[in-house]
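Protein chains in written order, with my numbering: chain A, 374 to 623; chain B, 374 to 623.
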């Protein structure tokens, strides 16, 4: 949380929070309440998307803060809520925060200026197994860009896709579509617990990463594009990459 | 600044800072020093890139913190410094922060998941006027993706490119290359002072934005890709777009 965000929460009349678009880690609601100095009303998906009236009423009659994990407004649900508020004359302000979209890459020393379109892997259900994640990664690889691959979250069931499951899905896509983008020998990276003191960073062959243990979620996968020599070096020094695999010092 | 970052600075033996990769705003070095409770050694580009020994020595003999504006590790100079430290056995940790790369888009209600490659406009000098920014925007537009256009910074001369100058450069590219991407009637957005209470957001025709006043730097330009109806609505509600221009409610 930023200092400006904390100050806003401290001085607001009511504080709400939702943790269904991401996962609270490294703190607890009780510790947040102690820090902010007031009770936090925790909302589920329904409380934000379908029945936000208590929040809007609090904001109409004073000030209200909604706490979220990560960069606010990255989820459509937050944009929708903001537009609802503005349309009925409630002035809104966003206190930006670190986002996995940049932090996952920068933790690895990969350039965010070479980040291509982000994609998300979802658990297949029934016949639903869209090829778009593979296509996004392929388009990025062709343009020399890095692909951040986010992993599915079912927070209501406390289920978070691990990097292992994600790597196996990517291998399955490669089997199906076969363009040499996410095969067992493809270079890939995993970051786990970004922002925590025990953040894990690994770079290696996708087939090997599928078997490694990265500790508790949240995890993210990155499929690097063309590497600048500084990026290759960073993957060796920061993420334990085999120098030969990243073309560094060979 | 994040609470975790503040705590790290408070408990570290020495605190350094650099403001040449971005611009400090909304606070001052004196206020930061009061908050952290110790003196801050402000470094220029040379002190980070060519002569970082004082920082590395402080870190080798205890703990040292380097404060930067925005998301750390987005600049190559920070990655290089981190690698130097790790290679001589100094353990490093990054306290991530809000980044213009996500905040500029989310302020406008544009989806960060549809963000294409970021590009930067530089002041032309002599014959140097690379076409790559226009090509990056064109590739993004073709893929339906949004283009964040960052603007040149010469912090040593206290010069920051305004959105007006940036829009005029984009118009000039369009004149030269003529692919209908950044013409005077193209939809574009400007954000100024992201993160400050008086953040400005505007969406309109590029030729018109080139003439508007956006207040003090830093500014950013966004050339939107294909708009989802929620994004179109957000540009109307949050950034004053003409509903007809964004295809909303027509």
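C-beta: ideal position from N, C-alpha, C; glycine also.
Close beta carbons around residue 436 of chain B, own chain, < 7 angstroms, minus the five adjacent residues each side: 385 and 386.
Where DSSP assigns a beta bridge to residue 527 of chain A, which residues make up the other side? A/532, per the DSSP bridge assignment.
Continuous alpha helix (DSSP H) stretch holding residue 509 of chain A: start and end: Counting along the chain, the unbroken alpha helix (DSSP H) around residue 509 of chain A starts and ends at 505-515.
Please list the partners that residue 375 of chain B has in chain A, where partner means a Cβ-to-Cβ separation under 8 angstroms. The answer, in chain order, is 374, 375, 376, 470 and 471.
Residues in the segment 444-459 of chain B having any Cβ partner in chain A nearer than 8 angstroms: Flagged, chain order: 444, 445, 446, 447, 449, 452, 453, 455, 456 and 459.
Enumerated in chain order, which unbroken segments of the alpha helix (DSSP H) with a length of 4 residues or greater are wholly contained in the segment 425-504 of chain B? Correct list: 426-433, 449-460 and 473-480.
Kindly indicate which three-state DSSP category residue 417 of chain A falls into: helix, strand or coil? Residue 417 of chain A falls in the coil class under three-state DSSP.
Min CB distance residue 480 of chain B to chain A below 9 angstroms: Under the Cβ criterion of 9 angstroms, residue 480 of chain B is counted among the residues facing chain A.
Starting from residue 378 of chain B, follow the alpha helix (DSSP H) in both directions and report where the run begins and ends. Its alpha helix (DSSP H) spans residues 376-384.
Count the other CB atoms, across all protein chains shown, that sit within 10 Å of the CB of residue 623 of chain A; report buried if there are 16 or more and exposed otherwise. In this predicted model, residue 623 of chain A has a pLDDT of only 47, less than 50, meaning its place in the structure is not dependable enough to derive any value.
Residue 378 of chain B versus residue 609 of chain B - alpha carbon distance: Cα to Cα, the separation comes out at about 36 angstroms.
So, residue 456 of chain B versus residue 603 of chain A, is the Cβ gap smaller than 9 angstroms? Result yes, Cβ atoms of residue 456 of chain B and residue 603 of chain A sit closer than 9 angstroms.
Chain-ordered neighbours of residue 486 of chain B on chain E, where CB pairs are closer than 7 angstroms: Chain labels in this structure do not include chain E; the protein chains are A and B.
Contact residues within the segment 568-591 of chain B, judged by C-beta distance below 9 angstroms to chain A: Cβ contacts with chain A: 568, 570 and 572.
Would you list the residues sitting across from residue 391 of chain A in a DSSP beta bridge? A/416, per the DSSP bridge assignment.
Residue(s) in a DSSP beta bridge with residue 573 of chain A: Partner(s): A/565.
Report the three-state DSSP secondary structure of residue 596 of chain A (helix, strand or coil). Residue 596 of chain A carries a strand assignment under DSSP once its states are collapsed to helix, strand and coil.
Any C-beta of chain A under 9 angstroms from that of residue 623 of chain B: Residue placement at residue 623 of chain B cannot be trusted, given a pLDDT of 47 that sits under 50; what the coordinates show is reported in the next sentence. It does not; no Cβ of chain A falls within 9 angstroms.
With a 10 Å radius around its C-beta and 16 neighbouring C-beta atoms as the bar for buried, classify residue 501 of chain A as buried or exposed. Around the beta-carbon of residue 501 of chain A, fewer than 16 other beta-carbon atoms lie within 10 Å, marking it exposed.
Starting from residue 611 of chain B, find everything on chain A with Cβ-Cβ shorter than 8 angstroms and list it in chain order. Residues of chain A with a Cβ closer than 8 angstroms to the Cβ of residue 611 of chain B are, in chain order, 455, 456 and 459.
Measuring only between beta-carbons, confirm whether residue 394 of chain A sits less than 9 angstroms from chain B. The beta carbon of residue 394 of chain A does not come within 9 angstroms of any beta carbon belonging to chain B, so the residue lies off that interface.
Pick from B/528, B/492, B/496 and B/525: whose alpha carbon is nearest that of residue 511 of chain B? Cα-wise, what sits closest to residue 511 of chain B is B/492.
Ordered along the chain, which non-local residues of its own chain (more than five positions away) have a Cβ less than 7 angstroms from that of residue 398 of chain A? In the same chain as residue 398 of chain A, and ignoring 5 residues on each side of it, the C-beta atoms closer than 7 angstroms to its own belong to 569, in chain order.
Would you check if the distance between the CB atom of residue 574 of chain B and the CB atom of residue 563 of chain B is smaller than 9 angstroms? Going by C-beta atoms, residue 574 of chain B is nearer than 9 angstroms to residue 563 of chain B.
What does residue 606 of chain B touch in chain A if you count any residue whose Cβ is under 8 angstroms from its own? Against residue 606 of chain B, the close residues of chain A are 456, in the order they occur along the chain (beta-carbon pairs closer than 8 angstroms).
Report yes if the C-beta distance between residue 396 of chain B and residue 590 of chain B is below 9 angstroms; otherwise report no. Contact flag set, yes.
Identify each residue in the segment 536-563 of chain A for which the Cβ-Cβ distance to at least one residue of chain B is less than 9 angstroms, and report them in chain order. Hits within the stretch: zero.
Using 10 angstroms around the beta-carbon of residue 403 of chain B, count the other beta-carbons present and answer buried if the total reaches 16, otherwise exposed. Exposed, since its Cβ has fewer than 16 Cβ neighbours within 10 Å.
Please confirm if residue 603 of chain A has its CB atom under 9 angstroms from at least one CB of chain B. So yes, residue 603 of chain A belongs to the interface.
Can you say whether residue 401 of chain A is buried or exposed, counting buried as having 16 or more other CB atoms within 10 angstroms of its CB? Burial call: exposed.
Along chain B, in chain order, which residues have C-beta atoms closer than 7 angstroms to that of residue 439 of chain A? What residue 439 of chain A touches in chain B: nothing, since even the nearest Cβ is about 14 angstroms away.
Among residues of its own chain, excluding the 5 on either side of residue 513 of chain B, which ones have a beta-carbon nearer than 8 angstroms to its beta-carbon? Sequence-distant partners of residue 513 of chain B (beyond 5 residues in either direction) whose C-beta falls short of 8 angstroms from its own C-beta, in its chain, are 489, 490, 519, 520, 596 and 598.
C-alpha gap between residue 646 of chain B and residue 504 of chain A, whole angstroms: Because residue 646 of chain B is not part of the residues shown, which for chain B are 374 to 623, the question remains open.
Are the CB atoms of residue 380 of chain A and residue 441 of chain A within a distance shorter than 9 angstroms? Not in contact: residue 441 of chain A and residue 380 of chain A (Cβ atoms no closer than 9 angstroms).
What residue from B/525, B/545 and B/606 has the CA that sits closest to residue 494 of chain B's CA? Closest option to residue 494 of chain B, Cα to Cα, is B/525.
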